[in-house]
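Engineer: Before anything else, here's the structure in question.
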Amino acid sequence: MPDATKVATATEADVLTLKDYKSGDKPIWCPGCGDFGVLSATYKALAALQLQPKDVVVAAGIGCSSRTPYFMSTFGLHGVHGRTLPIATGMKLANPDLTILVMGGDGDLMSIGAGHFPHAAARNVDITCIMMDNQTYGLTKAQASPTSSMGHKTRSTPYGVVAKPMAPVLFALANGATFVARGYSAKPNDLTDLIVQGIKHPGFSFVHVQSPCAEFFNTYDFYDEHIEELPSDWDQQDLKAAVNLALTEEKVHLGVFYQEERQSFGTAVRQFEPEGKQFDLAEYLQRFS
Ligand SMILES: Cc1ncc(C[n+]2csc(CCOP(=O)(O)OP(=O)(O)O)c2C)c(N)n1
Ligand code: SF4
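For this note's numbering, add 206 to where a residue sits in the sequence shown, where the first one is 1.
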C-alpha cells in the first residue's frame with residue numbers, strides 16, 4: 207500500500223507541475239518497459255487538468271503495471287489481483303468527488319479480473335480504466351495472457367497459444383463503456399490527451415494502451431509498423447463503426463473509438479437516496495442475538 211503520508215499537500219492556489227504527482231520512489235521497471243510511457247502520460251494528464259493529488263486515487267491490482275500507485279503522489283491502492291474495478295466502484299460511490307484511475311495489466315483486467323469489467327462498463331461507473339497491455343504476464347516472467355497472439359510460445363504455452371486473443375476495445379464497446387480509446391506507450395503525448403479526455407468523461411472510460419514488455423515480449427517494431435491514427439473526421443458517436451474498426455486485425459488503430467453520454471452509476475443510484483432508510487447497525491445486529 208503506498209504511503210499515505212506522502213500524499214502531496216499542494217494548496218489550491220499552487221500551479222501544479224509534473225513533479226507534484228511524483229512520489230519520489232523511482233519505478234523499478236526494466237529499461238525500455240512501456241509502462242514508463244504510460245506513467246509519464248498519466249503525470250502529464252493530471253497536471254493538464256490541475257487535479258489536486260489529494261483528490262485522486264490510483265487503484266491497481268498485481269503485476270508490473272499494477273505497481274504504478276507507488277510512483278505517484280496521489281492516494282493509491284495496490285490491491286488483490288484482478289479485483290480493482292469493484293473496489294474502485296465502492297470508492298466512487300462513497301466519495302463521488304474523487305477522480306479514480308484504475309491502472310493494471312492485461313492479466314489483471316482481462317484474465318482474473320475480466321468478470322468485473324463488463325459490470326463496471328454496463329453500470330457506467332465514473333472512473334477511468336487504463337490498461338497496460340503487453341500481451342504477457344510480465345511480473346511472473348512471461349506466461350501467456352488473454353491478449354497473447356495465437357501461436358505465441360511461452361513458458362506456459364510451449365507449443366504456442368491455441369486460444370484466439372481477446373480484443374479489449376471490442377470487449378469494452380460490447381459491454382457498454384461510454385468512452386473507449388486506444389493509445390501506445392511510445393506516443394506519450396497522444397496518450398496524455400486520451401487520458402485527459404477519459405478523466406473528463408463523466409462515465410466509464412477505458413483507455414487500452416499497447417505497452418510492450420521490453421524484457422519478455424518486445425513488440426515495439428510490430429507496433430511501430432502497425433499503428434494507424436483514427437481519421438480526423440472519425441464519428442465518435444457511431445457504435446457500429448467503432449465495433450467494426452475494433453474487429454480489424456490488419457492495423458492497430460489509435461485514438462477515441464467511441465463516446466456517448468449516459469447517466470453514471472453514482473448519479474443513478476443517488477436518485478433513490480431520499481427513499482433510502484438510514485442503516486442502523488445496532489438494530490441489524492439485534493436480529494441475530
Ligand atoms: C490470486 C492471484 N493469482 C495469481 C497471482 C500471480 N500473478 C501475479 S501478477 C500476475 C499476472 C500479471 O500480468 P499483468 O496483469 O498482465 O501485468 P504485467 O506484470 O504484465 O504488467 C499473476 C498471474 C496472484 N498474485 N494472485
Ligand atoms: S518484466 Fe516486462 S512488464 Fe515487467 S517491468 Fe520488465 S519490461 Fe516491464
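All C-beta atoms, glycine included, are put in the ideal place defined by N, C-alpha and C. Model, not experiment: these values are computed from the prediction.
Just how far apart, CA to CA, sit N424 and L400?
Structural biologist: The sequence position of residue 424 within the sequence shown is 218, counting from 1. The sequence position of residue 400 within the sequence shown is 194, counting from 1. Their backbone Cα atoms lie some 24 angstroms apart in a straight line.
Engineer: DSSP on G404, reduced to helix/strand/coil?
Structural biologist: Translated into positions along the sequence shown, residue 404 becomes position 198. Correct three-state label for G404: helix.
Engineer: Please classify D444 as buried or exposed, where buried requires at least 16 other C-beta atoms within 10 Å of its C-beta.
Structural biologist: Taking the sequence shown and counting its residues from 1, one reaches residue 444 at position 238. That one is exposed.
Engineer: Select from A348, P352, A452, G243 the residue whose C-alpha is nearest the C-alpha of R361.
Structural biologist: Along the sequence shown, one-based indexing puts residue 361 at 155. It is A348.
Engineer: Where does P237 land, buried or exposed, given buried means 16+ other C-beta within 10 angstroms?
Structural biologist: Here residue 237 corresponds to residue number 31 of the sequence shown, with the count starting at 1. Result: exposed.
Engineer: Could you tell me if the beta carbon of L315 falls within a distance shorter than 7 angstroms of some heavy atom in ligand 2?
Structural biologist: In the sequence shown, the residue the question calls residue 315 occupies position 109. Every heavy atom of ligand 2 is 7 angstroms or more from the Cβ of L315, so no.
Engineer: Among M372, P352, L224, T384, which residue has its Cα nearest to the Cα of K406?
Structural biologist: Residue mapping note: residue 406 aligns to position 200 of the sequence shown, counting from 1. Checking every option, the nearest Cα to that of K406 belongs to T384.
Engineer: Using the rule of at least 16 other Cβ atoms within 10 Å of the residue's Cβ for burial, across every protein chain shown, is P208 buried or exposed?
Structural biologist: Stepping through the sequence shown from its first residue, residue 208 is reached at position 2. Because P208 carries a pLDDT of 49, less than 50, the predicted location of this residue cannot be relied on, and the following value inherits that uncertainty. Classification of P208: buried, given that the 10 Å Cβ count is 16 or more.
Engineer: Classify Y365 as helix, strand or coil using the three-state DSSP reduction.
Structural biologist: Within the sequence shown, the letter at position 159 stands for residue 365. Here Y365 sits in coil by DSSP.
Engineer: Considering just the uninterrupted stretch of the beta strand (DSSP E) at R388, what are its terminal residues?
Structural biologist: If you number the sequence shown from 1, residue 388 lands on position 182. Per DSSP, R388 belongs to the beta strand (DSSP E) from 385-390.
Engineer: Using a 10 Å radius around the Cβ and a threshold of 16 neighbouring Cβ atoms, would you call A488 buried or exposed?
Structural biologist: Your numbering for residue 488 matches position 282 in the sequence shown. So A488 ends up on the exposed side.
Engineer: Assuming the contact rule is C-beta atoms closer than 8 angstroms, G269 and G310 should be a hit. Round their C-beta distance to whole Å, please.
Structural biologist: Within the sequence shown, the letter at position 63 stands for residue 269. Within the sequence shown, the letter at position 104 stands for residue 310. The pair is a contact, with the Cβ atoms about 6 angstroms apart (cut-off 8 angstroms).
Engineer: Which class does I433 belong to by DSSP, given the choice of helix, strand or coil?
Structural biologist: Locating residue 433 in the sequence shown gives position 227, where the first residue counts as 1. Reduced to three states, the DSSP call for I433 is strand.
Engineer: Taking the straight line between their C-alpha atoms, what separation do you get for E481 and L379?
Structural biologist: Taking the first residue of the sequence shown as position 1, residue 481 is located at position 275. Taking the first residue of the sequence shown as position 1, residue 379 is located at position 173. Looking at the two C-alpha atoms, the distance is approximately 33 angstroms.
Engineer: Can you give the Cα-Cα distance for K446 and W440, rounded to whole angstroms?
Structural biologist: Looking up residue 446 in the sequence shown gives position 240. Looking up residue 440 in the sequence shown gives position 234. The straight-line gap from Cα to Cα measures roughly 12 angstroms.
Engineer: Could you pull out every residue in the same chain whose Cβ sits closer than 7 angstroms to the Cβ of F485, ignoring the five residues on either side in sequence?
Structural biologist: Residue numbering aside, residue 485 sits at position 279 when the sequence shown is read from its first letter. So no residue of the chain qualifies.
Engineer: Can you tell me which of L397, Y390, P352 puts its alpha carbon nearest to the alpha carbon of F377?
Structural biologist: Translated into positions along the sequence shown, residue 377 becomes position 171. Measuring from the Cα of F377, the nearest candidate turns out to be P352.
Engineer: Can you give me the Cβ contacts of Q492 inside the same chain, cut-off strictly under 6 angstroms, excluding the 5 residues immediately before and after it?
Structural biologist: On the sequence shown, position 286 is the one that residue 492 refers to. Same-chain partners within the cutoff: there are none.
Engineer: Looking only at DSSP bridge pairs, what is I293 linked to?
Structural biologist: Position 87 of the sequence shown, counted from the first residue, corresponds to residue 293. The partner list for I293 (beta bridge, DSSP) is empty, contrary to what the question assumes.
Engineer: Would you kindly check if the distance between the Cβ of I336 and the Cβ of V244 is under 8 angstroms?
Structural biologist: Taking the first residue of the sequence shown as position 1, residue 244 is located at position 38. Taking the first residue of the sequence shown as position 1, residue 336 is located at position 130. Yes, they are a contact pair.
Engineer: Look up F423 in the DSSP assignment and say whether it is helix, strand or coil.
Structural biologist: Counting from 1 along the sequence shown, the entry for residue 423 is found at position 217. Three-state DSSP puts F423 in a strand.
Engineer: Please indicate yes or no: does the CB of D231 lie closer than 7 angstroms to some heavy atom of ligand 4?
Structural biologist: As presented, the structure is devoid of ligand 4, carrying ligand 1 and ligand 2 as its sole ligands.
Engineer: So, with DSSP's three-state summary, where would you put G472?
Structural biologist: Translated into positions along the sequence shown, residue 472 becomes position 266. Helix, per DSSP.
Engineer: Determine the DSSP secondary structure at D339, reduced to helix, strand or coil.
Structural biologist: On the sequence shown, position 133 is the one that residue 339 refers to. It is a strand residue.
Engineer: Could you say which of L255, C419, P259, Q442 lies nearest to D312 if we only look at CA atoms?
Structural biologist: Taking the first residue of the sequence shown as position 1, residue 312 is located at position 106. D312 has its Cα closest to that of C419, out of L255, C419, P259, Q442.
Engineer: Please name the residue in S272, Q256, L252 whose C-alpha comes closest to that of I234.
Structural biologist: Indexing the sequence shown from 1 puts residue 234 at position 28. Checking every option, the nearest Cα to that of I234 belongs to S272.
Engineer: So, helix, strand or coil for A300, using DSSP?
Structural biologist: If you number the sequence shown from 1, residue 300 lands on position 94. A300: helix per DSSP, three-state reduction.
Engineer: Skipping 5 residues on each side, what residues in its chain have a beta carbon closer than 6 angstroms to that of T334?
Structural biologist: As a first step, residue 334 is located in the sequence shown; it is residue number 128 there, counting from the start. These residues qualify, in order along the chain: L307, G404, I405, S411.
Engineer: Below 7 angstroms, is the gap between the Cβ of C270 and the nearest heavy atom of ligand 1?
Structural biologist: As a first step, residue 270 must be located in the sequence shown, where it is residue number 64. It does: the Cβ of C270 is within 7 angstroms (strictly closer) of some heavy atom of ligand 1.
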